[in-house]
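Colleague: According to this note's numbering, the sequence shown is numbered sequentially starting from 9.
Think of the CB as a built atom: it goes at the ideal place given N, C-alpha and C, for glycine as much as any other residue.
I have a structure I would like to understand better, so I am pasting it below and will then ask my questions one at a time.
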Amino acid sequence: MKFRIRKAVFPVAGLGTRFLPATKTVPKEMLPVIDKPLIQYAVDEAVEAGCDTMVFVTNRYKHSVADYFDKAYELEQKLEKAGKGELLSLIRDVLPKGVRAVFVTQAEALGLGHAVLCARPVVGDEPFAVLLADDLIWNRGPGALRQMADLAESESHSVIAVQDVPRDQTGSYGIVATGPFADRHGRISAIVEKPAPDVAPSTLAVVGRYVLSPRIFDLLENTGAGSGGEIQLTDAIAALLKEEDVLAYRFEGRRFDCGSHIGLVEATIQYALDHEDLAPAARAYMLDALSR
Ligand code: UTP
Numbered sequence: 009m010k011f012r013i014r015k016a017v018f019p020v021a022g023l024g025t026r027f028l029p030a031t032k033t034v035p036k037e038m039l040p041v042i043d044k045p046l047i048q049y050a051v052d053e054a055v056e057a058g059c060d061t062m063v064f065v066t067n068r069y070k071h072s073v074a075d076y077f078d079k080a081y082e083l084e085q086k087l088e089k090a091g092k093g094e095l096l097s098l099i100r101d102v103l104p105k106g107v108r109a110v111f112v113t114q115a116e117a118l119g120l121g122h123a124v125l126c127a128r129p130v131v132g133d134e135p136f137a138v139l140l141a142d143d144l145i146w147n148r149g150p151g152a153l154r155q156m157a158d159l160a161e162s163e164s165h166s167v168i169a170v171q172d173v174p175r176d177q178t179g180s181y182g183i184v185a186t187g188p189f190a191d192r193h194g195r196i197s198a199i200v201e202k203p204a205p206d207v208a209p210s211t212l213a214v215v216g217r218y219v220l221s222p223r224i225f226d227l228l229e230n231t232g233a234g235s236g237g238e239i240q241l242t243d244a245i246a247a248l249l250k251e252e253d254v255l256a257y258r259f260e261g262r263r264f265d266c267g268s269h270i271g272l273v274e275a276t277i278q279y280a281l282d283h284e285d286l287a288p289a290a291r292a293y294m295l296d297a298l299s300r
């Protein structure tokens, strides 16, 4: 099977409880870092990796994600009349030409694995990407998914992004055991969801970027509730390992867990320091705040 990805799945139907009360009305993926919502960073990364179909798995409360990618007639007209061409292209380019958005509903938040399965009718029988927008990955070079897509294509295998975490944090992640690494990738031999530090097979944690074989859908159909009572993508990947090679990939870049308060703060600092106009003022404020 050719491992060229064209479709990217964005599960955005979680409850986002760690960001209540903000997420009472605003989905976590719509929280901004500087001037773009998290979901826009993830979509940009998928477009850069060659995807032309963005599949959003939403729930009935998350209209704002669909609204965001829809045309904003009134606003566009106003900006056009006012001759604000730059702002106009900013809102028109949330999805570049030739890229389409498809929305599917996850009626109940039964877990990430279940959310991915909801995308099956759109993805069909081809390899695809999954991006969790609350894992924001910053890199000066190619985006994390671009790096993974290249590896998946050259090796013809599924690829999962991983990073090293402190052992006391294994209980917050899917953790993989692997064979030896060649360059940045190694074959996964086992994967477990949220193991306690004393039983974790390694400290190599899965982060929210996957390039997956479509076989995962059949396996998800047969995956029951796992850790936390949810249908876990990790459990279906564990089943996939028995049939196909799956590679762990240590991506180049820095990942921010924007599903947590500190992660969103860190991402905002990083992007501010990297922002041409904002950097001097942001740096000055940080130094001042630290000296008080
Ligand atoms: P999280 O584990 O971060 O859960 O989901 P959450 O509900 O979004 O956030 P907290 O922990 O309550 O604050 C990981 C990803 O899977 C999606 C989420 O939207 C997030 O992108 N997800 C999770 C679904 O789409 N559906 C689900 O049933 C569960």
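If we ignore side chains and look at the alpha-carbon of each, how far apart do S72 and L39 end up?
Modeller: Translated into the one-based positions of the sequence shown, residue 72 becomes position 64. Translated into the one-based positions of the sequence shown, residue 39 becomes position 31. Cα to Cα, the separation comes out at about 11 Å.
Colleague: Return the Cβ separation of R192 and Y257 in integer angstroms, given the expectation that the two are a contact with Cβ distance under 8 Å.
Modeller: Walking along the sequence shown from the start, residue 192 turns up at place 184. Walking along the sequence shown from the start, residue 257 turns up at place 249. Between Y257 and R192 the Cβ distance is about 6 Å, and since that is below 8 Å, they are a contact.
Colleague: Rounded to a whole number of angstroms, what is the C-alpha to C-alpha distance between V20 and A290?
Modeller: Looking up residue 20 in the sequence shown gives position 12. Looking up residue 290 in the sequence shown gives position 282. So the alpha carbons of these two residues sit roughly 31 Å apart.
Colleague: If we count the other Cβ atoms within 10 Å of its Cβ and call it buried at 16 or more, is D296 buried or exposed?
Modeller: To locate residue 296, count along the sequence shown from 1; it is residue 288. Classification of D296: exposed, given that the 10 Å Cβ count is below 16.
Colleague: Hey, quick one: how far does the beta strand (DSSP E) through S197 stretch, first residue to last?
Modeller: Here residue 197 refers to the residue found at position 189 when the sequence shown is read from its first residue. 193–201 is the extent of the beta strand (DSSP E) around S197.
Colleague: Would you mind reading off the limits of the beta strand (DSSP E) that contains S166?
Modeller: One-based indexing of the sequence shown puts residue 166 at position 158. Here the beta strand (DSSP E) through S166 covers 166–172.
Colleague: Here's a check: name, in chain order, each residue in its chain whose Cβ is nearer than 7 Å to the Cβ of L220, leaving out the five neighbours to either side.
Modeller: Sequence index remark: in the sequence shown, residue 220 carries index 212 (1-based). Here the set comprises P135, F136, V138, S166.
Colleague: Taking all protein chains shown into account, do 16 or more other C-beta atoms lie within 10 angstroms of the C-beta of T178, making it buried, or fewer, making it exposed?
Modeller: As a working note, residue 178 is residue 170 in the sequence shown. T178 comes out buried.
Colleague: Look at the alpha carbon of P203 and the alpha carbon of A90, and state the distance between them as a whole number of angstroms.
Modeller: As a working mapping, residue 203 is identified with position 195 in the sequence shown. As a working mapping, residue 90 is identified with position 82 in the sequence shown. Distance between the alpha carbons of P203 and A90: 56 Å.
Colleague: Exposed or buried, what is S186 when buried is set at 16 or more other beta-carbons lying within 10 Å of its beta-carbon?
Modeller: Stepping through the sequence shown from its first residue, residue 186 is reached at position 178. The sequence shown places Thr at residue 186, not Ser. Buried, because 16 or more other Cβ atoms sit within 10 Å of the Cβ of T186.
Colleague: Sorry if obvious, but does the Cβ on R26 come closer than 7 Å to a heavy atom of ligand 1?
Modeller: Indexing the sequence shown from 1 puts residue 26 at position 18. For ligand 1, at least one heavy atom lies less than 7 Å from the Cβ of R26.
Colleague: Give the single residue among G121, T231, N67, E251 whose Cα lies nearest to the Cα of S197.
Modeller: By one-based count along the sequence shown, residue 197 stands at place 189. Comparing Cα-Cα distances from S197 to each of G121, T231, N67, E251, the minimum goes to E251.
Colleague: Assign T113 to one of two classes, buried (16 or more other C-beta atoms within 10 Å of its C-beta) or exposed (fewer than that).
Modeller: The residue given as residue 113 occupies position 105 in the sequence shown. It is exposed - the Cβ of T113 has fewer than 16 other Cβ atoms within 10 Å.
Colleague: According to DSSP, is A204 part of a helix, a strand, or is it coil?
Modeller: The count along the sequence shown starts at 1 and reaches residue 204 at position 196. It is coil, neither helix nor strand.
Colleague: Starting from P19, trace the beta strand (DSSP E) both ways and give me its first and last residue.
Modeller: Within the sequence shown, residue 19 is the residue found at index 11, counting from 1. Where P19 is concerned, the enclosing beta strand (DSSP E) stretches over 15–19.
Colleague: Specify, as a first and last residue, the run of the beta strand (DSSP E) that T61 falls within.
Modeller: Residue 61 sits at position 53 when you count from the first residue of the sequence shown. Where T61 is concerned, the enclosing beta strand (DSSP E) stretches over 61–66.
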